[in-house]
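See below for the structure under consideration.
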Amino acid sequence: MSLGGTATASAQTPTTPGFDQSAPVGVTLEANRVTIKSALRVDLTFEYATLPLHRGTVGGQTVWYVITDVSSASAARKLRINHAPKLANVPTGCRACSQEVSSAKRLLGRAPVEFEGAPDFSPARTLTPGPSPAPFPAQASTPGARGRANYSPFVTVKGNLDVVYNAPIVATGDGPFDITTHTNTHDRTLGIDTVNMTTDHLYVRGFSNGEPILYLSFEASEAFTAMIERSTFVPELADLQFPNGGGRHFSARASIFTFANARVGLEAPSRRGASDGRGRNQGLTHALSFRIAGQDAAIANPQVIEGLRNGGDVSNIFDVFPTNARKRDRAEYSPAWDLQVGVYSFNARVNRQNGLKTDANAVRRLARRGVITTLGGLPHTGPGGVPNASGNIVINCPALAF
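Under the working numbering, the first residue of the sequence shown is numbered 5, with each subsequent residue one higher.
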């Protein structure tokens with residue numbers, strides 16, 4: 005299945021830093037393929053989703069946030085976002101995994117919000133890949149943002165603590181906003197408009213159930229992962245219940261897969277962007293092999309947007325998706341993903357079995373045959389050489405579209 009689209013108005017050039025800095029407009033994905041129904045549009049040319057923007061405060065400082073998922077089915081319908089029932093387990097055994105916010109309304113986003121903590125977007129995102137032909141593991145890297153004290157994207161509203169929202173903060177301050185080097189915005193913020201209250205967030209092209217998907221990325225619990233995901237580093241999320249929790253309804257996590265040593269290569273450029281075409285690959289070595297991996301994602305850097313559109317990202321594999329046919333599979337969806345990093349065996353590489361994978365169950369079958377084992381030896385990862393083990397790295401990646 006390819007990601008279809010329809011043409012829209014001609015490009016709007018981004019303004020100088022200020023309150024209205026929307027990204028250009030290209031080809032728009034059909035609305036019936038978008039899971040976050042509140043999204044105003046999904047752009048297949050410039051690789052972003054336009055999401056409603058909400059204002060909050062932290063200790064008197066203005067912050068700007070989005071809402072993508074919620075544990076309550078009724079709240080999901082009202083806000084037109086993803087229903088993620090497993091988010092109800094986020095506060096279990098981990099006070100730091102969520103924050104309680106104050107608001108006059110029980111439904112998040114309907115009144116001003118005071119958060120307990122916010123990210124620091126000021127650090128410079130850096131990357132020094134390993135020497136060719138093995139850019140992974142990187143020689144050095146630093147994420148471009150880190151959560152300050154008490155920050156978590158997962159929030160509950162005081163007076164309604166049974167409902168857990170995914171509400172990442174994407175910008176801080178009253179502007180002007182830095183949407184090029186991201187000193188006060190998320191590393192995936194391509195545009196922000198505090199007049200019309202929207203933000204343009206760079207998505208990731210990945211796979212689920214054998215098909216191409218689009219997903220967003222906001223936070224990660226491990227520093228290198230946060231860097232390569234262009235996300236905010238929030239180490240406290242590693243305590244989220246619980247590693248290897250995919251398939252267990254009492255866990256907050258679902259399973260997601262990537263690879264340390266898959267093949268490298270981009271798909272030929274396409275007006276509609278990368279899907280699962282000839283030459284398309286994925287994983288950490290793949291992503292680090294391109295110069296764009298260390299460059300800022302911004303409309304001002306078109307080579308980065310083009311490279312990502314043509315498949316230059318990690319392109320993870322979701323185990324489940326909110327639109328799965330079976331109710332039990334839909335109930336398994338969570339934006340809090342439990343990362344499993346696969347390593348292809350020597351024979352698999354020699355026999356070129358380390359090409360593109362698009363289905364989690366296909367990965368599991370290869371693991372049972374010994375074609376893939378789990379990477380060990382990195383910070384926060386589990387033992388190496390065993391099939392399908394969690395690395396205890398949590399990434400906050402809401403489903404967006406298919």
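Quick reminder that beta carbons are idealized off the backbone N, C-alpha and C, glycines included.
List the whole-angstrom C-beta distance separating THR160 from SER102, where the pair is believed to meet the contact cut-off of C-beta under 8 Å. 6 Å
Quick check on DSSP: helix, strand or coil for LEU270? coil
Starting from the C-beta of ALA335, find all residues in its chain whose C-beta is less than 6 Å away, skip the five residues before and the five after it, and write them out in chain order. PRO89
In three-state DSSP terms, what is PHE322? strand
What residue does the beta strand (DSSP E) around SER78 start on, and which one ends it? Careful: SER78 lies outside any beta strand (DSSP E), inside the alpha helix (DSSP H) at 77 to 83.
Distance between LEU312 and ASN351 (C-alpha atoms, nearest Å): 30 Å
Measuring CB to CB, does LEU379 end up less than 8 Å from VAL347? yes
For ALA11, which residues in the same chain have their Cβ closer than 7 Å to its Cβ, ignoring the five residues on either side in sequence? The predicted model places ALA11 with a pLDDT of 37, which falls under 50 and marks its position as unreliable; any figure quoted below should be read in that light. Excluding positions up to five away in sequence, the list reads VAL31.
Going by C-alpha to C-alpha distance, which of PRO141, ARG257, GLY269, ASN396 sits closest to PRO95? ARG257
Do SER293 and GLN344 have their beta-carbon atoms positioned less than 8 Å apart in this structure? no
Measure the C-alpha to C-alpha separation of ILE397 and HIS190 and round it to an integer number of angstroms. 20 Å
What is the rounded straight-line gap between the Cα of HIS87 and the Cα of GLY63? 30 Å
Should GLN307 be labelled buried (16 or more other beta-carbon atoms within 10 Å of its own) or exposed? exposed
Quick check: what's the CA-CA separation for PHE325 versus THR39? 9 Å
Could you name the residues of the same chain whose beta carbon sits closer than 6 Å to that of ASP47, not counting the 5 residues immediately before and after it, in chain order? GLY30
Considering Cα atoms alone, identify which of ASP300, GLU233, PHE222, TYR219 is closest to ALA291. GLU233
Whole-angstrom distance between LEU165 and SER338, CA atom to CA atom: 18 Å
Closest Cα partner of PHE407 within the set ILE217, ASP243, THR229: One cannot answer for residue 407 here, as it falls past the ends of the chain, which runs 5 to 406.
Rounded to the nearest angstrom, how far is the Cβ of THR72 from that of THR202, given a contact under 8 Å? Not quite, the Cβ-Cβ distance comes to about 14 Å (not below 8 Å), so this is no contact.
Mark PRO116 as exposed unless 16 or more other C-beta atoms lie within 10 angstroms of its C-beta, in which case mark it buried. exposed
Taking the continuous alpha helix (DSSP H) assigned at PHE228, which residues delimit it? 227 to 233
Verify whether the separation of the beta carbon atoms of VAL208 and SER225 is less than 8 Å. no
Coarse secondary structure for LEU312, derived from DSSP in three states: helix
For ALA53, the three-state DSSP class (helix, strand or coil): strand
Assuming VAL70 and PRO137 make a contact with CB atoms under 8 Å, what is their CB distance in whole Å? VAL70 to PRO137, Cβ: 39 Å. No contact.
Pick out whichever of GLY251, PRO147, ASP243, ALA364 has its Cα sitting closest to the Cα of LYS331. GLY251
Buried versus exposed call for ASN400 [16 or more other C-beta atoms within 10 Å across all chains shown]: buried
Can you tell me whether ASP197 is buried or exposed? The criterion is at least 16 other CB atoms within 10 Å of its CB, across all chains shown. buried
Sort SER156, GLY315, TRP68, ASN365 by Cα distance to HIS58 and report the nearest one. TRP68
Backbone CA spacing between ARG110 and LEU270 [nearest angstrom]: 46 Å
Under three-state DSSP, which class holds VAL199? coil
Among all the DSSP beta bridges, which residues are the ones paired with GLU34? According to DSSP, GLU34 bridges with nothing at all.
Can you say whether GLY374 is buried or exposed, counting buried as having 16 or more other CB atoms within 10 angstroms of its CB? exposed
Less than 8 Å between the C-beta atoms of ALA128 and GLY151, yes or no? no
Segment limits, beta strand (DSSP E) that includes GLU215: 215 to 219
Please name the residue in ASN314, TYR219, SER259, ASN358 whose C-alpha comes closest to that of ALA43. TYR219
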